[in-house]
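Chains as they are written, first to last, in this note's numbering: chain F, 7 to 439; chain Y, 7 to 439.
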């Protein structure tokens with residue numbers, strides 16, 4: 007790059023896929039990135055822009071004029087165009103849209119900008135192939151050829167009536183094997199899955215992956231066909247959703263990447279560390295309030311064991327519930343589920359208590375009373391961790407809060423505090439201090 | 007169902023999508039499930055079978071004769087057929103395959119059974135549309151119509167030479183707009199992404215989602231086109247991958263579902279609970295070995311705080327690295343990354359230590375020396391947790407082990423033990439016991 011042999015570089019770039027170029031640009035410094043972007047031919051530039059990291063894209067866009075951006079996004083499907091300009095300030099967006107030559111494209115983009123990006127409306131593209139139920143197959147094929155010019159991938163051909171209402175679909179296969187004179191209304195398949203513009207992106211993803219759909223039409227409140235969502239956008243939704251849940255389980259609030267700078271990481275991580283810290287301080291004050299415990303260092307040395315076990319059990323239970331809720335496989339009554347967790351906690355608790363008692367008897371020569379305390383406390387703490395881990399995410403889900411926040415540091419911290427309280431209460435009862 | 011009004015039930019089932027029927031059957035007891043399966047028409051039965059939970063499917067299959075199963079899987083695409091029978095014992099599989107009437111279908115299934123299910127070969131289907139480069143467009147369209155009969159969804163038309171070697175692809179759009187006399191070799195697109203049979207499923211998923219592909223051809227070691235993978239199978243791979251990572255992070259070893267029975271849960275959860283337990287016992291023996299610490303209950307009451315903070319920091323660091331490795335965004339030198347984590351740990355550690363010192367000064371009236379111990383220990387423990395959390399997954403990845411096992415209980419436990427050791431060592435140095 008530094009040698010700036012333009013033509014050699016341009017040649018090389020022509021052979022690369024835009025996703026690879028984007029990956030290279032993400033790694034470069036800003037100056038080199040702009041240089042390469044300017045070198046690419048326009049069609050490729052626009053594709054590359056869709057694949058860039060947000061902050062790098064922002065920098066590059068701020069260096070382009072409204073006219074240049076308008077030219078780039080004119081080459082893109084409406085959904086990708088919207089993804090790029092949705093991040094820009096409103097007046098800049100208006101300026102860019104005014105510069106788009108194709109007025110229909112501009113109108114479509116303006117329409118899509120209205121929708122929340124986490125809804126079906128925010129995911130859909132305006133590009134699709136639709137035919138009127140009153141046409142015959144020949145007209146339909148002609149129209150399709152014309153429309154297909156603007157559509158990157160034809161999946162289904164949607165059939166609408168005169169009011170643009172979605173009636174059904176045609177498959178390419180059917181079209182290939184039907185007489186050219188047949189009326190569309192006599193050959194189309196009236197059963198078609200669809201979503202409405204305000205459906206949540208998550209629900210669209212669930213529907214499409216359950217029914218193995220590769221594209222789904224989107225209708226508005228009046229039943230009119232307004233766009234379609236393709237599976238590649240859904241793959242992104244599924245991946246983002248999974249990443250978000252994973253990060254929440256690990257106690258990271260925002261979407262951070264390994265290569266973001268230290269301040270972004272601190273902002274995403276410190277809040278959860280503080281939650282853990284307050285839990286730790288709470289545990290310290292609980293321990294401090296049990297005067298008898300303070301006089302029994304053996305008892306205190308088993309605190310990490312109680313804490314680790316309760317934490318692990320709670321995280322396991324909540325992770326299973328969170329995943330079950332995400333997959334829609336959690337059904338049946340809450341009480342039955344809690345009953346099952348109780349039994350599970352009892353079995354695992356007894357198993358672990360037994361191992362601990364044997365080891366601690368030989369290794370630490372704990373007295374019988376202390377052993378009893380540790381054993382009973384372990385079983386109680388495990389059962390309660392399992393119940394809390396199960397109950398909290400289901401409760402949050404019912405209240406409309408993302409249950410994924412309940413895993414990780416949140417459940418660990420509450421189980422730390424609970425666990426220690428239970429441990430010392432049991433110790434007080436058994437040892438009688 | 008209990009009233010057994012066959013025709014009414016059959017009518018109802020006809021309107022349902024097979025994925026919905028499968029969902030209903032998963033909820034029913036075995037007797038009812040078999041009853042419904044027998045009621046469905048054969049085409050639907052086979053589709054429903056692909057969507058059932060594994061254990062329920064196994065039960066149902068064990069009640070069907072080899073001939074009945076052969077009839078069902080004859081209706082399925084080769085990849086789905088293989089998914090169903092791959093779980094059965096080998097002699098049963100041979101029996102079923104012998105009963106398949108369509109010998110070509112049977113041969114394809116036998117071929118696919120050879121591949122590991124986590125490779126491209128295990129994901130691919132034999133159904134695809136391919137044309138010879140020496141044909142003209144007209145022959146090609148005729149052939150396509152014939153081949154398309156067996157292919158549920160046509161994505162791309164693959165072009166092969168006389169040796170069946172993959173040469174490129176044709177898009178449906180191009181075919182619609184090209185003269186019928188043109189030779190295929192003059193219109194096909196020679197650039198086509200492909201994978202080979204032994205590529206890992208994960209890598210195929212990454213490639214397809216990076217390049218937004220909806221289908222990808224699979225070639226064998228000799229470059230011959232042997233199958234294709236469609237995006238709906240990749241969606242399943244991505245979801246499974248994400249679920250597996252999530253469960254590993256939560257300390258669950260196998261793929262368990264919320265509705266599995268108590269023993270399945272215990273088997274999946276107890277091993278990790280035991281790891282946590284041994285960590286806890288390790289911590290107890292460390293504490294016991296510091297005689298001076300045992301004499302200082304204030305010091306002991308801060309153990310949960312140290313432990314929670316180290317655990318949370320370690321999980322955060324490892325989660326970010328694991329995700330970065332999964333997305334292929336971790337590049338650059340290990341030392342630079344560790345350096346960054348060091349700074350991150352220092353900043354977060356100082357912030358948390360400051361808050362803790364202020365609170366503990368007022369709340370617990372800790373002496374200056376104890377405060378100093380806690381503060382220094384917190385910073386040290388956080389930095390080390392961050393470094394361990396970063397190093398371990400990268401190290402495992404380099405050794406070819408799934409780095410996801412390094413999150414969750416594994417990192418928490420090792421940080422517990424490390425953290426407590428560091429805490430008491432610092433206490434010994436500062437307080438001089």
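All C-beta atoms, glycine included, are put in the ideal place defined by N, C-alpha and C.
What is the rounded straight-line gap between the Cα of residue 331(Y) and the Cα of residue 36(F)? Reading the second chain from its first residue, position 325 is the one you call residue 331(Y). Reading the first chain from its first residue, position 30 is the one you call residue 36(F). If you take the alpha carbons of residue 331(Y) and residue 36(F), they lie about 24 Å apart.
Check the Cβ-Cβ distances between residue 50(F) and every residue of chain Y, and say whether any is below 7 Å. Position 44 of the first chain, counted from the start, is the residue given in the question as residue 50(F). Taking 7 Å as the CB threshold, residue 50(F) stays off the interface with chain Y.
In the DSSP assignment, what are the bridge partners of residue 138(Y)? Translated into positions along the second chain, residue 138(Y) becomes position 132. Within the DSSP bridge table, the entry for residue 138(Y) names 166(Y) as partners.
If we count Cβ pairs, one from each stretch, closer than 8 Å, do we get three or more for the region 191-207 of chain Y versus the region 168-180 of chain Y? Short answer: they touch.
Report the three-state DSSP secondary structure of residue 329(F) (helix, strand or coil). In the first chain, residue 329(F) corresponds to position 323, counting from 1. Residue 329(F): helix per DSSP, three-state reduction.
So with Cβ pairs under 7 Å, would you call residue 318(Y) a contact of chain F? For the purposes of this step, residue 318(Y) is identified with residue 312 of the second chain, where counting begins at 1. Yes, residue 318(Y) counts as interfacial toward chain F.
Starting from the C-beta of residue 355(F), find all residues in its chain whose C-beta is less than 7 Å away, skip the five residues before and the five after it, and write them out in chain order. Within the first chain, residue 355(F) is the residue found at index 349, counting from 1. The residues are 384, 385, 388, 389.
CA-to-CA distance, residue 226(Y) to residue 124(Y), given in whole angstroms: Taking the first residue of the second chain as position 1, residue 124(Y) is located at position 118. Taking the first residue of the second chain as position 1, residue 226(Y) is located at position 220. Cα-Cα distance, rounded: 16 Å.
By the 10 Å Cβ neighbour count, where 16 or more other Cβ atoms means buried, how is residue 278(F) classified, buried or exposed? Numbered from 1 along the first chain, position 272 holds the residue referred to as residue 278(F). Classification for residue 278(F): buried.
Do residue 243(F) and residue 274(F) come within 7 Å of each other at the CB atom, strictly closer than that value? Here the question's residue 274(F) lines up with position 268 in the first chain. Here the question's residue 243(F) lines up with position 237 in the first chain. Not a contact, by the Cβ cut-off of 7 Å.
Leaving out five residues before and five after residue 107(F) in sequence, what residues of the same chain have Cβ atoms less than 7 Å from its Cβ? By 1-based counting over the first chain, the position of residue 107(F) is 101. Correct list, in chain order: 80.
Local Cβ density within 10 Å of residue 424(Y), reported as buried at 16 or more and exposed below that: Your numbering for residue 424(Y) matches position 418 in the second chain. By the 10 Å Cβ count, residue 424(Y) comes out buried.
Which of the residues in the region 217-232 of chain Y, read from start to end, lie with their CB under 9 Å from any CB of chain F? Cβ proximity to chain F below 9 Å picks out 217, 218, 219, 220 from the region 217-232 of chain Y.
is_contact[residue 354(F), chain Y] using C-beta, thresh 7 Å: For this step, residue 354(F) is matched to residue 348 along the first chain. Using a CB distance cut-off of 7 Å, residue 354(F) counts as an interface residue toward chain Y.
How big is the Cα-Cα spacing for residue 287(F) and residue 312(Y)? In the first chain, residue 287(F) corresponds to position 281, counting from 1. In the second chain, residue 312(Y) corresponds to position 306, counting from 1. Each residue's Cα considered, the two are about 10 Å apart.
Beta-carbon neighbours of residue 249(Y), restricted to chain F and to distances below 7 Å: By one-based count along the second chain, residue 249(Y) stands at place 243. Those are 329, listed as they occur along chain F.
Per DSSP, which residues does residue 189(F) bridge with? Please list them. Along the first chain, read from residue 1 onward, the residue named residue 189(F) stands at position 183. Answer is 142(F).
Tell me the residue span of the beta strand (DSSP E) that contains residue 2(Y). In the structure as shown, chain Y starts at 7 and stops at 439, and residue 2(Y) therefore has no counterpart that could be examined.
In chain Y, what lies closer than 9 Å to residue 173(F) by C-beta? The sequence position of residue 173(F) within the first chain is 167, counting from 1. In chain order: nothing, as chain Y lies at least about 18 Å away.
Cβ of residue 238(Y) less than 7 Å from any chain F Cβ? By one-based count along the second chain, residue 238(Y) stands at place 232. Residue 238(Y) counts as touching chain F.
Quick one: does residue 215(Y) have its CB under 7 Å from some CB of chain F? Here residue 215(Y) is taken as the residue at index 209 of the second chain, counted from 1. For residue 215(Y), the answer is yes, since a Cβ of chain F falls inside 7 Å of its Cβ.
Decide if residue 374(Y) is buried, meaning its Cβ has at least 16 other Cβ atoms within 10 Å, or exposed. In the second chain, counting from the first residue as 1, residue 374(Y) sits at position 368. By the 10 Å Cβ count, residue 374(Y) comes out exposed.
7 Å is my cut-off, CB to CB: does residue 252(F) come that close to chain Y? As a working mapping, residue 252(F) is identified with position 246 in the first chain. It does; some Cβ of chain Y falls within 7 Å.
In whole angstroms, what separates the C-alpha of residue 3(Y) from that of residue 27(F)? A query on residue 3(Y) cannot be resolved here, the shown segment of chain Y reaching from 7 to 439 and no further.
Name, please, each residue of chain Y whose Cβ falls closer than 7 Å to the Cβ of residue 313(F). Locating residue 313(F) in the first chain gives position 307, counting from the first residue. Those within 7 Å of residue 313(F) in chain Y are 310, 313.
Could you tell me whether the Cβ atoms of residue 285(F) and residue 422(F) are closer together than 7 Å? As a first step, residue 285(F) is located in the first chain; it is residue number 279 there, counting from the start. As a first step, residue 422(F) is located in the first chain; it is residue number 416 there, counting from the start. Result yes, Cβ atoms of residue 285(F) and residue 422(F) sit closer than 7 Å.
Unbroken stretches of the alpha helix (DSSP H), 4 residues or longer, contained in the region 326-397 of chain Y: Correct list: 340-370.
With 7 Å as the threshold, decide whether the Cβ of residue 95(F) is near any Cβ in chain Y. Here residue 95(F) corresponds to residue number 89 of the first chain, with the count starting at 1. Any Cβ of chain Y closer than 7 Å to the Cβ of residue 95(F) would place that residue at the interface, and such an atom is absent.
Residues of chain Y with CB under 7 Å from residue 271(F), in chain order? What you label residue 271(F) is simply residue 265 of the first chain in a count that begins at 1. In chain order: 350.
Alpha carbon to alpha carbon, how far is residue 329(F) from residue 342(F)? Give it in angstroms, no decimals. Mapped onto the first chain, residue 342(F) falls at position 336. Mapped onto the first chain, residue 329(F) falls at position 323. Each residue's alpha carbon lies about 18 Å from the other.
What residue range is occupied by the uninterrupted beta strand (DSSP E) comprising residue 231(F)? Counting from 1 along the first chain, the entry for residue 231(F) is found at position 225. That run of the beta strand (DSSP E) goes 231-236.
Is the region 216-236 of chain Y touching the region 245-258 of chain Y, taking contact as three or more C-beta pairs under 8 Å? By the Cβ criterion, the region 216-236 of chain Y is not in contact with the region 245-258 of chain Y, since fewer than three pairs of Cβ atoms, one from each stretch, lie closer than 8 Å.
Helix, strand or coil for residue 84(F)? Go by DSSP, reduced to three states. For the purposes of this step, residue 84(F) is identified with residue 78 of the first chain, where counting begins at 1. Of the three classes helix, strand and coil, the one that applies to residue 84(F) here is helix, per DSSP.
Hey, quick one: how far does the beta strand (DSSP E) through residue 225(F) stretch, first residue to last? The residue given as residue 225(F) occupies position 219 in the first chain. Counting along the chain, the beta strand (DSSP E) containing residue 225(F) begins and ends at 221-225.
What do you reckon, are the CB atoms on residue 129(F) and residue 235(F) nearer than 7 Å? To locate residue 129(F), count along the first chain from 1; it is residue 123. To locate residue 235(F), count along the first chain from 1; it is residue 229. Against a cut-off of 7 Å, the Cβ pair of residue 235(F) and residue 129(F) comes out as a contact.
Using only CA atoms, which one of 392(F), 101(F), 431(F) lies nearest to residue 271(Y)? Position 265 of the second chain, counting from 1, holds the residue named residue 271(Y). Here the closest residue by C-alpha is 392(F).
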